[in-house]
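**Student:** The working numbering puts the sequence shown at residues 1179 to 1643.
By construction, the Cβ of each residue, glycine as well, lies at the ideal position given by its N, Cα and C atoms.
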Amino acid sequence: MDENKRGSFGSTIGFLLSAIGSAVGLGNIWGFPYKMGRCGGFTFLIVYLALAAFVGFAIMLSELAIGRSTGFGPVNAYKKVSKKFKWIGWLAIIAPFLIMTFYSVLGGYCIYYMVINVVGMFSGMPDSSSFGALLTNPWASIGCMVLFMAICYLINRGGVGGGIEKFNTIGMPALFVMLVIVIIRAWTLPNADVGLKYMFVPGWAVANGVIEKAPSIFEVISTAGGQMFFSLSIAMGIMVTYGSYMKQRDSLTSSAIRVAGFDIGVSFLAGLMIVPAAFVALGSPEAVTENSGPGLMFIVLPQMFASFGDFAPVIGVLFFLLVIFAALTSAISLMETCVSIMHDGAKCSRKKATVITFVIIGVAAVFVNLGYNGLSFIEPLGAGTSLLDFFDFVSNTIMMPIVAFLTCIFVGWCIKPKIIEEEIMASSKFRWRAAWRIMIKYIAPILIAIVFISFLAQFLGFMTI
Ligand code: PHE
């Protein structure tokens, strides 16, 4: 890794916003609402929040502390703390490669939607059929994906720069405000209360026939667990890297609380926006359950925006612009990790490593794109599933829980929590030291094991995916 040349954040707020920028992205706005929609609304919400509080937060704090105490990115950081465990750092980097292959495709979709909203200012607005049209048009989706990757490339080539910091200072609060505006509109539409009941009233969906039977608890736990790791950007070394950029005076606990809190908050807002909007736009509960897959956001939002009347295209353009920025700040952190690994592993210059990484991921992303048209006969997880579902599933549900589990064992049992506690206390009081220790040693690994066993139960056919 390029340790000597690594940049540093200009200010505490710069670090915070960049870590928040990494965490908040398509996982929150695209992934969270549809996974909640598919997994029974309220039950998913509760399991998700519990996992984020007891597992996600404890791991994020540990990763930031490992990064800051060693001053290194994942591979060298784990090596420095304990030579024997260098391989955890290596394992941690498989996920960002996998994720980037489908993240860039989704980023491309957002660009496409922004463009058709711009066009909509002058002619017809997009409607829910535009998503189907995009999927069946490989040129449009591949073109937009390439554009998304090209923007990432230009930013990544510049290194950790003031640009990301500056954008986040305005972009993240603006995204928040935008979500609130769209939520208010969504809630004032007829039928929106059905979506809110789905999210907040336990057992309501089954009792009212919205879904036939409650989703299996295995499915809820494994989906919520995977989504939580993905959304918080943990268990793949990214927070270790961000921690290594932190200053000694920055409080680790309050940083972790703010990053996790903001991330969970944005997911929650996105849920409050998309779930009721889905019930409004799609009309019948059956249509909602049928569409509650990866396309949900793209199918539901155009109709939602149309209800803004004359303002529709402006809202559409602004909304997708903010989502694209949020996606870019996440993609940049993913790419940064991939590039530094390549740089380190292939022992080539950073410039060369950047080009090689982008080419490898770009080629894989073309296949993910084709998974919806030319290669749609490949259904890796059963009928109706795509290559995108597969990459999403493998990274979130297999790789991230494994690395998260190993991180807990490593911190809690191998290097012992004391080292991390000392790092945390070097900059602030650590009031819940005892609670954190219990979480990282016992509660988090047990819960992660449950997440993983739930996946296995699902995989081995105790239930369908
Ligand atoms: N957390 C980001 C999101 O929710 C995605 C991401 C995952 C970014 C892992 C970095 C690392 O969109």
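Please name the residue, chosen from 1578, 1427 and 1496, that lies closest to residue 1247 on a Cα-to-Cα basis.
**Tutor:** 1427
**Student:** Give every residue of the same chain whose Cβ lies closer than 7 Å to the Cβ of residue 1604, excluding the five residues on either side of it in the sequence, and list them in chain order.
**Tutor:** 1426
**Student:** Would you call residue 1634 buried or exposed, if buried means 16 or more other Cβ atoms sit within 10 Å of its Cβ?
**Tutor:** exposed
**Student:** From residue 1445 to residue 1552, what does the alpha carbon distance come to, in whole angstroms?
**Tutor:** 33 Å
**Student:** Got a sec: does the ligand PHE put a non-hydrogen atom nearer than 6 Å to the Cβ of residue 1518?
**Tutor:** Every heavy atom of the ligand PHE is 6 Å or more from the Cβ of residue 1518, so no.
**Student:** Which residue wins for smallest C-alpha separation from residue 1457, given the options 1365, 1358 and 1587?
**Tutor:** 1365
**Student:** Please classify residue 1370 as buried or exposed, where buried requires at least 16 other C-beta atoms within 10 Å of its C-beta.
**Tutor:** buried
**Student:** Please report the distance separating the alpha-carbon of residue 1401 from that of residue 1388.
**Tutor:** 20 Å
**Student:** Taking all protein chains shown into account, decide if residue 1183 is buried (16 or more other Cβ within 10 angstroms of its Cβ) or exposed.
**Tutor:** Caution applies to residue 1183, whose pLDDT of 44 falls short of 50 and renders its modelled position unreliable; the value that the coordinates give is listed next. Exposed, since its Cβ has fewer than 16 Cβ neighbours within 10 Å.
**Student:** How about residue 1454 and residue 1325: do their beta carbons lie closer than 7 Å?
**Tutor:** In this structure, residue 1454 keeps its C-beta atom at 7 Å or more from the C-beta atom of residue 1325.
**Student:** Going by beta carbon distance, what residues of the same chain come within less than 6 Å of residue 1322, once the five residues before and after it are set aside?
**Tutor:** 1286, 1289 and 1290
**Student:** Can you look up residue 1609 in the DSSP assignment and give me helix, strand or coil?
**Tutor:** coil
**Student:** Run through DSSP, which three-state label would residue 1472 get?
**Tutor:** coil
**Student:** Of all the options 1422, 1204 and 1399, which has the alpha carbon lying nearest to the alpha carbon of residue 1499?
**Tutor:** 1204
**Student:** Heavy atom of the ligand PHE less than 6 Å from the Cβ of residue 1193, yes or no?
**Tutor:** no
**Student:** Just the C-alpha distance for residue 1641 and residue 1391, rounded to the nearest angstrom, thanks.
**Tutor:** Unreliable positioning characterises residue 1641 in this predicted model, as indicated by a pLDDT of 47, which lies under 50. A coordinate reading is not provided.
**Student:** Just how far apart, CA to CA, sit residue 1179 and residue 1271?
**Tutor:** Its pLDDT being 37, under 50, residue 1179 is placed unreliably by the model, and nothing is read from it.
**Student:** To which residues of the same chain is residue 1431 closer than 7 Å at the C-beta, ignoring the five residues directly before and after it?
**Tutor:** Exclusion of the five residues before and after residue 1431 leaves 1239, 1602, 1606 and 1608 as the residues of its chain whose Cβ lies within less than 7 Å of its Cβ.
**Student:** Near residue 1626, what residues of its chain come up, given a Cβ to Cβ distance below 8 Å and the 5 sequence neighbours on each side ignored?
**Tutor:** 1233, 1403, 1579, 1582, 1583 and 1586
**Student:** Does DSSP put residue 1427 in a helix, in a strand, or in coil?
**Tutor:** coil
**Student:** Enumerated in chain order, which unbroken segments of the beta strand (DSSP E) with a length of 3 residues or greater are wholly contained in the segment 1558–1618?
**Tutor:** none
**Student:** So, is residue 1181 buried or exposed, given that buried needs 16 or more other C-beta atoms within 10 angstroms?
**Tutor:** The pLDDT assigned to residue 1181 is 40, lower than 50, so where the model puts this residue is not dependable; a value taken from the coordinates is nonetheless given after this. Flag for residue 1181 reads exposed.
**Student:** Run through DSSP, which three-state label would residue 1287 get?
**Tutor:** Here residue 1287 sits in helix by DSSP.
**Student:** Hey, out of 1308, 1215 and 1267, whose CA is closest to residue 1418's CA?
**Tutor:** 1267
**Student:** First and last residue of the alpha helix (DSSP H) that includes residue 1314?
**Tutor:** Taken as a continuous stretch (DSSP letters only), residue 1314 belongs to no alpha helix (DSSP H), as it is neither H nor E.
**Student:** Measure the C-alpha to C-alpha separation of residue 1534 and residue 1244 and round it to an integer number of angstroms.
**Tutor:** 29 Å
**Student:** Below 8 Å on the Cβ atoms is my guess for residue 1207 versus residue 1330; work out the distance and round it to an integer in Å.
**Tutor:** Rounded, the Cβ-Cβ distance is 18 Å, inconsistent with contact.
**Student:** Does the segment 1434–1451 come within contact of the segment 1608–1624, defined as at least 3 CB pairs closer than 8 Å?
**Tutor:** no
**Student:** Beta-carbon within less than 8 Å of residue 1470's beta-carbon, same chain only, minus the 5 sequence neighbours each way: which residues are those?
**Tutor:** Counting only Cβ-Cβ distances below 8 Å, and skipping sequence neighbours, we find 1212, 1215, 1216 and 1456.
**Student:** Per DSSP, what kind of secondary structure is residue 1380 in: helix, strand or coil?
**Tutor:** In the structure shown, residue 1380 adopts coil according to DSSP, grouped into three states.
**Student:** Measure the Cβ-Cβ separation of residue 1516 and residue 1275 and say whether it is below 7 Å.
**Tutor:** yes
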